[in-house]
Amino acid sequence: MLIKQPLGVAAMSASAQGVQEYLWLLHSFQPFLVLSVSRIGIYNLGGRCGSQPSITLARLQSCLRRALRWWDWGRRPLAEGVGMKRMKARVWRKVATIMVVTVLACLAWPTGKVAAHLPFSDLTGEEPYAEAVLALSEKGVILGKADGTFRPAEPVTRAQLAVFLARTLGLHEEEVPLLYTDVEPGSWYAGAVGALYQLGLVRGTAANLFPPHAPVSRQQAASLIVRALEAASQDGGLAAVNLSLAEEEVQVWLGGFRDRAFVSAEHRAAVACAVRLNILQGDEEGWLGPGFWLTRGQMAMLLYRAFFLPLEPAPVPPPVVPAASSYPELSVGSSGRMV
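If you're matching positions, the sequence shown starts at 88 in our numbering and goes up one per residue.
As C-alpha cells, then:
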C-alpha cells in the first residue's frame with residue numbers, strides 16, 4: 088500500500104527481501120505520482136487513484152537509454168547555458184531518470200490495477216479483487232494458504248468468514264461457552280465464532296448447530312456484513328449511514344437483478360442494503376447470484392468495500408430488468424465474475 092507524502096519527498100524502506108524507493112514527482116501530471124523500484128525487477132507507477140500499472144525492467148532500461156541519448160546534460164549547450172560546463176554523472180543521471188518517469192507517466196496512465204508486489208503467487212494484479220486482497224493482507228485479515236497461494240476461486244466456509252470478519256473488526260478472539268455443539272473447542276476458528284457470537288452477529292442453522300465447514304452463500308455473507316455494520320453504527324464507529332430499508336425500497340434496489348426471486352426472504356433486506364451501499368454487486372448481465380457460494384476473491388471485495396472504503400450509497404437504484412425463473416445453465420458456485 089502506498090503512503091502518500093508531499094510532492095518531492097522521497098521515502099526509502101529497506102528489508103531483507105528488497106528495497107523500494109518512492110519518488111514523488113510530476114505535479115503537472117498527477118499530484119501523487121510514484122515510481123516504485125524493487126529488486127525483483129518490476130517497476131510500478133501509481134497515481135492518486137491508487138493504481139499501479141506494471142512496467143518491466145527491460146522497458147524501463149530501454150526508456151532510460153533513450154533519455155540518456157536524447158538529453159546528455161553534461162555536454163549539451165542547454166547545460167552550459169545555466170552556468171554548468173560539466174555536470175557530474177550522478178546529477179545528470181538523476182535528471183535523466185526524472186525524465187524517464189515523465190515518459191512512463193504518459194504511457195502508464197492509471198488503469199485501476201494494483202502493483203505486481205502481491206503477497207500470493209496465484210495473483211497477477213489484474214484481477215478485479217487484487218486491490219482488496221492486497222489491502223486485507225497488509226492488515227493481517229488474509230494470511231493465505233501454507234503454499235503461498237490465495238486460491239481466490241475456492242468457496243469460503245462459515246468458519247473462515249467468521250475468522251476474516253473478526254480480524255477485520257479487530258475483535259479479541261476468546262473462546263466462550265457456545266450453544267453450538269459442532270464448534271470444536273480449541274479449534275482455529277472457535278475464538279472468532281465466540282467473539283462474533285457475543286456481539287450477536289453469527290447465527291446457526293439450528294438451535295445448536297453452526298456447521299463451520301459449510302460453504303457460505305453470497306446472500307448469507309451480505310446479511311453477516313450488514314449486521315456487523317449495524318453493530319459498528321450503534322457503537323459510534325461508523326459514520327451515519329442508513330442501513331434500514333422499507334419493503335418498497337428493498338424491491339426497488341433488487342429490481343435491477345434478473346434472479347431477485349432467488350433471494351431468500353430472511354436475506355432480502357440485507358442484500359438490498361448491500362447493493363445500495365455498493366458492497367454487493369452483480370455482473371454486467373444483471374445476475375446477482377444470491378445463492379451461489381461466496382468465493383475467497385469475492386469475500387475480499389465485500390470486506391474491503393464494507394470496512395476499508397467509505398460507505399457511499401448509490402445515488403439511484405439499478406435499472407429494472409425482467410425477472411428470470413431460472414438460471415441460464417449456471418451451476419451452483421460462482422467462478423468469481425460477480426463481486
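In this text, a Cβ means the ideal position worked out from N, Cα and C, and glycines have one as well.
Assigned secondary structure, residue i (DSSP; H/G/I helix, E/B strand, else coil)
| i | result |
| --- | --- |
| Thr382 | strand |
| Thr255 | helix |
| Ser274 | coil |
| Ala348 | helix |
| Ser304 | strand |
| Leu398 | coil |
| Leu296 | strand |
| Leu265 | coil |
| Arg290 | coil |
| Ala195 | Low confidence applies to Ala195: its pLDDT is 46, below 50, so where it sits in the model is not reliable enough to give any reading. |
| Ile312 | helix |
| Leu390 | helix |
| Gly128 | Only weak support is given to the placement of Gly128: the predicted model assigns it a pLDDT of 34, under 50, and the value that follows is read from those uncertain coordinates. Residue state, collapsed to three classes: coil. |
| Arg65 | Since the first and last residues shown for the chain are 88 and 426, residue 65 lies out of range. |
| Arg355 | helix |
| Leu332 | coil |
| Pro377 | coil |
| Val403 | coil |
| Ser224 | helix |
| Gln368 | coil |
| Gly281 | helix |
| Ser320 | helix |
| Tyr414 | coil |
| Glu213 | coil |
| Leu341 | helix |
| Val408 | coil |
| Glu260 | coil |
| Val219 | The question names Val, but residue 219 in the sequence shown is Ala. Correct three-state label for Ala219: helix. |
| Leu233 | The sequence shown places Ala at residue 233, not Leu. Ala233 falls in the coil class under three-state DSSP. |
Buried/exposed call for residue i, threshold 16 Cβ in 10 Å
| i | result |
| --- | --- |
| Gln321 | exposed |
| Asp346 | buried |
| Ser304 | buried |
| Glu271 | exposed |
| Trp380 | buried |
| Leu316 | buried |
| Ala73 | Nothing about residue 73 can be reported from this structure: the residues present for the chain run from 88 to 426 only. |
| Leu367 | buried |
| Gly235 | exposed |
| Ser331 | exposed |
| Val403 | exposed |
| Gly369 | buried |
| Trp111 | Note on Trp111: pLDDT 32, under 50, position unreliable in the model; no value is reported. |
| Thr255 | buried |
| Glu399 | exposed |
| Gly384 | buried |
| Pro239 | buried |
| Ala249 | buried |
| Leu396 | exposed |
| Glu218 | buried |
| Leu147 | Summary for Leu147: the model assigns pLDDT 47, below 50, so the residue's position carries little reliability, and this model does not support an answer. |
Option nearest residue i by Cα separation, candidates the options
| i | options | result |
| --- | --- | --- |
| Ala352 | Ala279, Gln307 and Glu261 | Gln307 |
| Gly291 | Pro415, Cys360, Glu214 and Tyr267 | Tyr267 |
| Arg350 | Ala249, Gly378, Arg363 and Trp340 | Reading the sequence as shown, one finds Val at residue 350 and not Arg. Selected option, being the one with the closest Cα: Gly378. |
| Leu230 | Glu214, Arg245, Ser208 and Glu213 | Ser208 |
| Ser412 | Glu334, Leu389 and Gly376 | Gly376 |
| Leu389 | Asn365, Trp275 and Tyr284 | Asn365 |
| Pro264 | Gly257, Val243, Ala282 and Trp275 | Ala282 |
| Gly257 | Ser310, Thr244, Arg238 and Lys226 | Lys226 |
| Thr382 | Val358, Gln247 and Ala253 | Gln247 |
| Val243 | Ala393, Ser274 and Met386 | Met386 |
| Ala294 | Asp269, Cys360 and Thr211 | Asp269 |
| Ser310 | Ala279, Gly384, Ala393 and Glu335 | Ala393 |
| Ser274 | Val403, Ser224 and Glu262 | Glu262 |
| Ile312 | Leu221, Glu260 and Phe251 | Phe251 |
| His300 | Val358, Glu241, Leu286 and Ala319 | Glu241 |
| Ala410 | Arg314, Val362 and Leu341 | Leu341 |
| Leu296 | Arg245, Ala253, Gln285 and Glu336 | Arg245 |
| Pro405 | Tyr414, Tyr391 and Cys360 | Cys360 |
| Ala401 | Glu260, Pro206 and Asn329 | Asn329 |
| Ala357 | Val337, Pro215, His259 and Ala222 | Val337 |
Per DSSP, the bridge partner or partners of residue i
| i | result |
| --- | --- |
| Thr244 | Pro302 |
Any non-hydrogen atom of the ligand COA within 8 Å of residue i CB
| i | result |
| --- | --- |
| Tyr284 | Looking for the ligand COA in the displayed structure turns up nothing, as the structure carries no ligands at all. |
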